[in-house]
Amino acid sequence: MVKRFDGLFQLMAMLLVQLLLAGNIIISKLADNDGMTMRVMVAYRWVFAAAFICPLAFVVERNKRPKLTWMVIFQSFISGLLGGSLFSNLFFTSVTLISPIVVTAIYNLLPAMTFVIALSLRLETFSIKTLSGKAKAVGTLVCVGGAMILTLYKGSELHFWSTNINLLHHTHLQAPIIAHIMTSSSAKQASNKLYILGIILAFLSCITYSLWLILLAKISTNYPCPYSSSALMCVMGGLQSVIYALFFDRQEVQWRLGWDIRLFTAFYLGIMGSALPVIMMTWCSRKRGPLFVSVFNPLTLVFVGLGSSLLLNETLRLGSVVGAMVIICGLYMVLWGKALDLRLHNHHSESNTKPLSSIEIINHSEVDTNQGPSTNGSPKQ
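Counting from 1, position 172 in the sequence shown corresponds to residue 172 in UniProt numbering; the numbering is continuous, with no gaps.
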């Protein structure tokens, strides 16, 4: 009976995690609509996340932390760049330029993209003759095909429901680059340029995050304290994000937080959308393994689709739906291939043979502070 309730709690926790992650994207759209620049939003996100997780790491891992070396600090700086400031600025800027549904669908390419990068760096074992190798290869190709559909084919509009609710009120210019495009081209050409720019930024965010996942495998070995390493990453990401934002947004009004959507966005993205999912995903990964956590990731796309349609009056297009479904199919093929690798790895470990040398890429999410599952052999995004 206790195990049954534990399984139910883990299921509910992962559903809540995906809902919180989807909220990151919806709320960032509202903040952008209010005039908050993504640079300032990202800076506040990491500052709030660091303020929450640093005391937690100090208490939980007070007697477990190894000595902090300069190498660990340097790796944390790079980690804060790839998985924190750079990734977040690319990702959330793409959210302001194109549909959140498209961005979230592209984000599901992460396991396949990480597999390709790790393979090119010879950090991932691969054999096309094995069943797991075939699954990962075919799954990666399917993901690429879905991304091409998503990018090149918009298709007809789909109207499943209408709530007549639109929380967005377009009363400001999004960014200087957008204003330049709008004044130098026709409306249709400007829309196409923004769409292409958003797609490029979304893909670049996936690449930086994939590189972070690979780096995280090294950090987890040198500093095996998930909460402390997450705290270091948040601090580094916060410093980098604040410095970067101050280069462009020096007016006090841009940084002012009142009792409005801006304060709520900073609080939500830093704590509700980052730190809390870290804790829940760490717990679920330790209880059920990294694969259990990974299979829930496509639900973020479902929640973003529902939230965008019901609250932001986003129009679903056939190309987005078909491309997203193809990407999810490819994602699960890659995850299945990784599950076979894990099973073989566990079998070898039980037989006291040399473990497989590979980068674990099956556990991913928009929560870029989550390094907890790394203790189970699965580095996090």
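Ideal Cβ positions, reconstructed from N, Cα and C, are used throughout, including at glycine.
Residues near residue i by beta carbon distance below 7 Å, same chain, minus five either side
i	result
Ile78	Leu215
Met14	Cys284, Val293 and Phe296
Val72	Asn222 and Tyr223
Leu131	Leu340
Phe203	Ile106
Tyr195	Ile98
Ala50	Ala231, Cys234, Val235 and Gly238
Gly145	Val326
Met38	Asp32, Asn89, Phe92, Thr93 and Thr96
Thr315	Glu157
Lys64	Cys225
Phe248	Arg39
Ala137	Ile128
Contact under 9 Å by Cβ, residue i with residue j
i	j	result
Gln111	Ile25	Reading off the sequence, residue 111 comes out as Pro, not Gln. The answer is no: Cβ separation not under 9 Å.
Ile261	Leu301	no
Cys206	Ala57	no
Leu150	Ile106	yes
Met233	Gly80	yes
His45	Ala266	The question names His, but residue 45 in the sequence shown is Arg. Yes, Cβ-Cβ distance for Arg45 and Ala266 is below 9 Å.
Gly330	Cys143	yes
Thr104	Leu213	no
Leu83	Tyr209	It should be noted that the sequence gives Gly, not Leu, for residue 83. Yes.
Val102	Gln254	no
Backbone secondary structure at residue i - three-state DSSP
i	result
Leu121	coil
Glu252	helix
Leu246	helix
Leu342	helix
Leu197	helix
Thr353	At Thr353, the pLDDT of 48 sits below 50, so the modelled position is not reliable; the number obtained from the coordinates is stated separately. Three-state result, Thr353: coil.
Leu257	coil
Leu312	coil
Thr171	Note on Thr171: pLDDT 43, under 50, position unreliable in the model; no value is reported.
Ser358	With a pLDDT of 47 at Ser358, under the threshold of 50, the predicted position of this residue should be treated as unreliable, and no value is reported.
Contacting residues, own chain, Cβ-Cβ under 6 Å from residue i (five flanking each side not counted)
i	result
Leu299	Gln18
Met272	Leu20
Asp32	Thr96
Val242	Ala43
Gly270	Arg45, Phe48 and Ala49
Phe126	Leu119 and Gly133
Ala36	The amino acid at residue 36 is misidentified as Ala; the sequence shows Met. The residues are Arg262.
Tyr268	Ile27
Presumed contact (8 Å Cβ cut-off) between residue i and residue j, rounded CB distance
i	j	result
Leu318	Leu158	6 Å
Tyr332	Val60	Actually they do not touch by this definition, with Cβ atoms about 33 Å apart.
Gly139	Val334	4 Å
Tyr244	Ser28	The pair is not a contact, with the Cβ atoms about 17 Å apart (cut-off 8 Å).
Gln75	Arg288	Their Cβ separation, rounded to whole angstroms, is 28 Å, which puts Gln75 and Arg288 out of contact at 8 Å.
Ala22	Val304	5 Å
Phe87	Ala275	Actually they do not touch by this definition, with Cβ atoms about 17 Å apart.
Met280	Leu16	7 Å
Leu109	Ala147	6 Å
Chain-order list of residues whose beta-carbon lies under 8 Å from that of residue i (same chain, five-residue window excluded)
i	result
Lys134	Ile128 and Gly337
Leu201	Leu90, Phe91, Thr93, Ser94 and Leu97
Ser156	Arg317 and Leu318
Pro66	Tyr223, Pro224 and Cys225
Cβ of residue i within 9 Å of any chain D Cβ
i	result
Cys143	Here chain D cannot be found, since the structure has a single protein chain.
Could you name each continuous alpha helix (DSSP H) segment of 4 residues or more that falls completely within the UniProt domain "EamA" (11 to 149), going from the start of the chain to the end?
38 to 60, 70 to 80, 86 to 97, 100 to 107 and 110 to 120
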